[in-house]
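Student: Reading the sequence shown from the start, the letters are residues 24 to 161 in my numbering. Can you keep this structure in mind? I'll have questions shortly.
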Amino acid sequence: MPKITMWNLIKTVVIFSIFFLLASCHEGYVSKDGEPLKKYIEPTALKTLVENPDDNIWLIDVRPASSYNKGFIPGARSFPSSTILNRLDELPKEKYLIFYCETGGRAQRVIKKLEEKGYTKMMNWGGSGRWEWEFEKP
(Lines of atoms letter the chains of each structure in order from A and count residues from 1; the text may use other names and numbers.)
(Lines give C-alpha, C1' and ligand atoms only; values in the text may rest on other atoms or scores of the structure.)
Protein backbone atom coordinates (compact mmCIF):
# COMPACT_ATOMS: atom_id res chain seq x y z
CA MET A 1 0.00 0.00 0.00
CA PRO A 2 1.52 3.36 -1.04
CA LYS A 3 2.27 5.84 1.68
CA ILE A 4 0.08 8.95 1.53
CA THR A 5 2.09 12.03 2.27
CA MET A 6 0.81 15.53 2.84
CA TRP A 7 2.53 16.65 -0.39
CA ASN A 8 0.79 13.93 -2.44
CA LEU A 9 -2.53 14.83 -0.87
CA ILE A 10 -2.04 18.51 -1.73
CA LYS A 11 -1.07 17.67 -5.32
CA THR A 12 -4.16 15.48 -5.71
CA VAL A 13 -6.46 18.18 -4.34
CA VAL A 14 -4.92 20.82 -6.64
CA ILE A 15 -5.24 18.58 -9.71
CA PHE A 16 -8.88 17.77 -8.96
CA SER A 17 -9.63 21.45 -8.25
CA ILE A 18 -8.18 22.52 -11.59
CA PHE A 19 -10.09 19.79 -13.39
CA PHE A 20 -13.32 20.80 -11.66
CA LEU A 21 -12.86 24.48 -12.53
CA LEU A 22 -12.14 23.70 -16.17
CA ALA A 23 -15.01 21.25 -16.42
CA SER A 24 -17.53 23.63 -14.88
CA CYS A 25 -16.59 26.70 -16.90
CA HIS A 26 -19.23 27.39 -19.53
CA GLU A 27 -18.52 31.07 -20.01
CA GLY A 28 -18.92 31.97 -23.66
CA TYR A 29 -21.02 28.97 -24.64
CA VAL A 30 -23.45 29.92 -27.42
CA SER A 31 -26.44 28.01 -28.68
CA LYS A 32 -27.12 27.27 -32.35
CA ASP A 33 -27.88 30.85 -33.45
CA GLY A 34 -26.13 32.68 -30.61
CA GLU A 35 -22.83 33.41 -32.33
CA PRO A 36 -23.55 37.17 -32.74
CA LEU A 37 -23.62 37.43 -28.93
CA LYS A 38 -19.97 36.38 -28.61
CA LYS A 39 -18.90 40.00 -29.11
CA TYR A 40 -20.34 40.71 -25.64
CA ILE A 41 -18.36 38.06 -23.74
CA GLU A 42 -15.80 40.54 -22.41
CA PRO A 43 -17.02 42.64 -19.47
CA THR A 44 -16.23 45.94 -21.21
CA ALA A 45 -18.25 44.88 -24.26
CA LEU A 46 -21.22 43.94 -22.08
CA LYS A 47 -20.91 47.29 -20.32
CA THR A 48 -21.16 49.00 -23.71
CA LEU A 49 -24.34 47.01 -24.43
CA VAL A 50 -25.76 47.90 -21.01
CA GLU A 51 -25.07 51.60 -21.67
CA ASN A 52 -26.51 51.38 -25.21
CA PRO A 53 -29.30 48.77 -24.98
CA ASP A 54 -30.45 46.84 -28.02
CA ASP A 55 -34.16 45.88 -27.88
CA ASN A 56 -33.32 42.56 -29.55
CA ILE A 57 -30.91 41.50 -26.79
CA TRP A 58 -32.07 40.66 -23.29
CA LEU A 59 -29.73 40.22 -20.34
CA ILE A 60 -31.12 37.50 -18.07
CA ASP A 61 -30.12 36.93 -14.43
CA VAL A 62 -30.98 33.35 -13.43
CA ARG A 63 -29.83 33.65 -9.82
CA PRO A 64 -32.43 33.31 -7.05
CA ALA A 65 -34.61 36.41 -6.53
CA SER A 66 -32.87 37.06 -3.20
CA SER A 67 -29.52 37.41 -5.00
CA TYR A 68 -31.02 39.57 -7.74
CA ASN A 69 -32.53 41.86 -5.10
CA LYS A 70 -29.09 42.43 -3.58
CA GLY A 71 -27.84 43.77 -6.89
CA PHE A 72 -27.71 42.88 -10.59
CA ILE A 73 -26.04 43.96 -13.80
CA PRO A 74 -27.92 47.08 -14.92
CA GLY A 75 -30.77 46.26 -17.26
CA ALA A 76 -30.85 42.56 -16.40
CA ARG A 77 -34.21 40.85 -16.06
CA SER A 78 -34.77 38.38 -13.25
CA PHE A 79 -35.74 34.87 -14.37
CA PRO A 80 -34.63 32.60 -11.49
CA SER A 81 -33.58 29.17 -12.73
CA SER A 82 -36.17 27.57 -10.44
CA THR A 83 -39.05 29.35 -12.20
CA ILE A 84 -37.87 30.10 -15.72
CA LEU A 85 -39.52 27.07 -17.33
CA ASN A 86 -42.86 28.21 -15.90
CA ARG A 87 -42.37 31.65 -17.49
CA LEU A 88 -41.58 30.76 -21.08
CA ASP A 89 -44.47 32.93 -22.26
CA GLU A 90 -42.45 35.92 -20.98
CA LEU A 91 -39.24 34.88 -22.77
CA PRO A 92 -39.46 35.49 -26.54
CA LYS A 93 -37.66 32.96 -28.74
CA GLU A 94 -36.92 35.64 -31.33
CA LYS A 95 -34.78 37.70 -28.90
CA TYR A 96 -31.08 37.16 -28.29
CA LEU A 97 -30.62 36.12 -24.66
CA ILE A 98 -27.47 36.58 -22.57
CA PHE A 99 -27.59 34.58 -19.34
CA TYR A 100 -25.53 34.93 -16.18
CA CYS A 101 -25.59 33.62 -12.61
CA GLU A 102 -23.01 33.32 -9.81
CA THR A 103 -20.45 31.21 -11.68
CA GLY A 104 -21.96 30.25 -15.04
CA GLY A 105 -23.03 26.71 -14.12
CA ARG A 106 -26.65 27.54 -13.37
CA ALA A 107 -26.88 29.66 -16.54
CA GLN A 108 -25.56 26.73 -18.55
CA ARG A 109 -28.18 24.37 -17.13
CA VAL A 110 -30.90 26.89 -18.00
CA ILE A 111 -29.57 27.25 -21.55
CA LYS A 112 -29.58 23.48 -22.03
CA LYS A 113 -33.21 23.29 -20.84
CA LEU A 114 -34.22 26.15 -23.13
CA GLU A 115 -32.48 24.53 -26.09
CA GLU A 116 -34.79 21.56 -25.53
CA LYS A 117 -37.72 24.01 -25.74
CA GLY A 118 -36.54 25.42 -29.09
CA TYR A 119 -34.56 28.49 -28.01
CA THR A 120 -31.51 29.03 -30.23
CA LYS A 121 -30.21 32.60 -29.69
CA MET A 122 -28.43 32.34 -26.35
CA MET A 123 -25.05 32.86 -24.69
CA ASN A 124 -23.73 32.01 -21.25
CA TRP A 125 -21.91 35.14 -20.06
CA GLY A 126 -20.66 33.37 -16.96
CA GLY A 127 -20.63 34.63 -13.39
CA SER A 128 -21.78 37.96 -12.00
CA GLY A 129 -18.35 38.37 -10.39
CA ARG A 130 -16.98 39.22 -13.85
CA TRP A 131 -18.97 42.49 -13.78
CA GLU A 132 -16.43 45.10 -12.67
CA TRP A 133 -18.82 47.98 -12.10
CA GLU A 134 -21.60 48.87 -9.73
CA PHE A 135 -24.66 46.67 -9.59
CA GLU A 136 -28.14 48.09 -9.90
CA LYS A 137 -30.68 47.61 -7.11
CA PRO A 138 -34.40 47.03 -7.64
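Yeah, the Cβ is synthetic: ideal placement off N, Cα and C, and Gly gets one too.
If we count Cβ pairs, one from each stretch, closer than 8 Å, do we get three or more for the region 59-74 versus the region 139-153?
Tutor: Result yes; three or more Cβ-Cβ pairs closer than 8 Å.
Student: Rounded to the nearest angstrom, what separates Glu157 and Ala130 at their Cα positions?
Tutor: In the sequence shown, residue 157 corresponds to position 134, counting from 1. In the sequence shown, residue 130 corresponds to position 107, counting from 1. Their Cα atoms are separated by approximately 21 Å.
Student: Around the C-beta of Ala99, are 16 or more other C-beta atoms found within 10 angstroms, so that it is buried, or is it exposed?
Tutor: Sequence index remark: in the sequence shown, residue 99 carries index 76 (1-based). So Ala99 ends up on the buried side.
Student: State the DSSP-derived secondary structure class of Gly149, mapped to helix, strand or coil.
Tutor: Along the sequence shown, one-based indexing puts residue 149 at 126. Three-state result, Gly149: strand.
Student: Find the nearest neighbour of Leu137 within the set Glu65, Tyr91, Ser54, judged by alpha-carbon distance.
Tutor: Residue numbering aside, residue 137 sits at position 114 when the sequence shown is read from its first letter. It is Ser54.
Student: Provide the residue span of the alpha helix (DSSP H) that contains Ile134, from first to last.
Tutor: Start at 1 with the first residue of the sequence shown, and residue 134 comes out as number 111. Looking at the DSSP string, the run of the alpha helix (DSSP H) that includes Ile134 is 128-139.
Student: Thinking C-alpha only, which one of Tyr91, Glu50, Ile33 is nearest Ile121?
Tutor: The sequence position of residue 121 within the sequence shown is 98, counting from 1. The shortest Cα separation from Ile121 among Tyr91, Glu50, Ile33 belongs to Glu50.
Student: How is Glu159 classed by DSSP in three states: helix, strand or coil?
Tutor: Locating residue 159 in the sequence shown gives position 136, counting from the first residue. Here Glu159 sits in strand by DSSP.
Student: Could you tell me which uninterrupted alpha helix (DSSP H) segments, each at least 4 residues in length, are contained entirely in the region 66-130, listed from first to last along the chain?
Tutor: You should have 66-74, 88-93.
Student: Relative to the C-alpha of Asp56, which residue among Asp77, Ile134, Leu69 is closest?
Tutor: Counted from its first residue, the sequence shown places residue 56 at position 33. Checking every option, the nearest Cα to that of Asp56 belongs to Ile134.
Student: Would Ser173 and Asp84 qualify as a contact pair, given that the criterion is a beta-carbon distance under 8 Å?
Tutor: For the chain, the structure presents residues 24 to 161; residue 173 sits outside this window and is missing.
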